[in-house]
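For what it's worth, this note's numbering labels the leading residue of the sequence shown as 207, then goes sequentially.
Each residue gets a CB set at the ideal place from its N, CA and C atoms; glycine is no exception.
As the structure is a prediction and not an experimental result, all values here were calculated from the model.
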Amino acid sequence: MTKILMIATNVDQLDSDHQTGLWLSDFVEPATEFKEAGFEVVAASLKGGRIPIDPHSYSNELPRVWDGVMEPIHNTPLLSEIDPSEFEVVFLCGGHGAMMDFPNNKTIEHVLRHFLTKKKIIASVGHGAAGLIGVTDHNGEAIVKGRTMTGFTDAEEKETGIEGLLPFTIEEKLQAEGAGFEGDNPDKDHVEVDEHFITGQNPRSSLSTAQAVIKKLRKPQPQ
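Right, here's the structure in full:
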């Protein structure tokens with residue numbers, strides 16, 4: 207069975223007044239699509255354990271179908287203990303928490319380099335693209351350089367009202383590392399596919415990003 211590795215943040219606070227974490231739909235919607243397509247989903251995190259959920263990303267009335275899908279984020283293994291060779295896709299989930307623990311992380315870089323070398327799918331949605339920041343290939347080049355990508359836009363960040371709490375914005379950092387950044391209007395469903403890189407702009411793009419991953423997986427590869 208094809209296995210998909212989904213990486214989620216462990217960060218639950220931006221400061222003493224602002225809770226954060228995983229944006230729930232950035233995990234649940236793709237995970238649901240992957241499972242319904244017959245793929246196995248494994249969630250992991252840098253510190254392991256239960257993944258914190260951004261309180262703004264859910265209500266008290268969650269769809270019942272999400273119950274089983276959420277199970278992998280109740281007790282995640284350490285990403286450092288995951289063998290990336292077992293997976294065909296790595297999917298970086300969003301939420302403002304990812305802005306704090308994903309960038310410039312050596313464990314994430316190790317995982318992504320495997321997928322880069324093997325030309326396996328590297329996907330992200332929203333703030334999950336922060337995991338691509340600071341990652342270089344074996345030649346020391348930023349892996350996003352020359353790629354057409356998207357992620358949470360500066361315009362969307364300003365609308366959150368917490369831009370000042372963040373170390374950077376996704377749009378500015380991807381551009382600084384050489385990516386061609388393409389963003390749609392705030393809250394629009396927007397996905398970019400550049401070879402084996404698949405990126406979604408925001409939570410509204412979670413489902414479309416997963417569908418693009420599935421389409422890529424099922425496309426016959428040249429011999």
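In this structure, the CA atom of K421 is about 18 Å from the CA atom of V234. The Cβ atoms of H302 and T226 sit closer than 8 Å to each other. V419 carries a helical assignment under DSSP once its states are collapsed to helix, strand and coil. G340 and L371 have their alpha carbons spaced roughly 20 Å apart.
Taken atom to atom, the span from the alpha-carbon of I404 to that of G334 is near 12 Å. Between E383 and V350, the C-beta gap is smaller than 8 Å, which places the two residues in contact.
Exposure of K394 is indicated by the presence of fewer than 16 other C-beta atoms within 10 angstroms of its C-beta.
S330 is bridged by DSSP to L298, T405. Annotated as distal: A385 and A336, with beta-carbon spacing of 8 Å or more.
Within the same chain, and ignoring the five residues on either side of V317 in sequence, the residues whose Cβ sits closer than 8 Å to its Cβ are L211, I213, L285, I288, P290, V296.
K209: member of the beta strand (DSSP E) spanning 209-213, first to last residue. Judged by DSSP in its simplified three-state form, M306 adopts helix. Annotation for E294: T208, K326 place their beta carbon closer than 6 Å to its own, counting only its chain and skipping 5 residues before and after. N408 is the residue among L338, E388, N408, D390 whose C-alpha sits nearest the C-alpha of T366.
Within the model, the alpha-carbon separation for E388 versus F308 is close to 21 Å.
Between A243 and P278, the CB-CB gap reaches or exceeds 8 Å.
Residue pairing by DSSP places F387 opposite M355 in a beta bridge. Between the alpha carbons of T342 and I328 lies a gap of roughly 14 Å.
Within the same chain, Cβ atoms closer than 6 Å to the Cβ of E292 are found at K209, the five residues on either side in sequence being excluded.
Distance from the Cα of G274 is smallest, within the candidate group E239, K253, E362, for E239. Leaving aside the five residues that flank R353 on each side, the residues in its chain whose CB is nearer than 6 Å to its CB run, in chain order, A385, D400, F403. A distance of 8 Å or more separates the beta carbons of T282 and S231. Taking T359 as reference, the option from V247, P392, L338 with the minimal CA-CA separation is P392.
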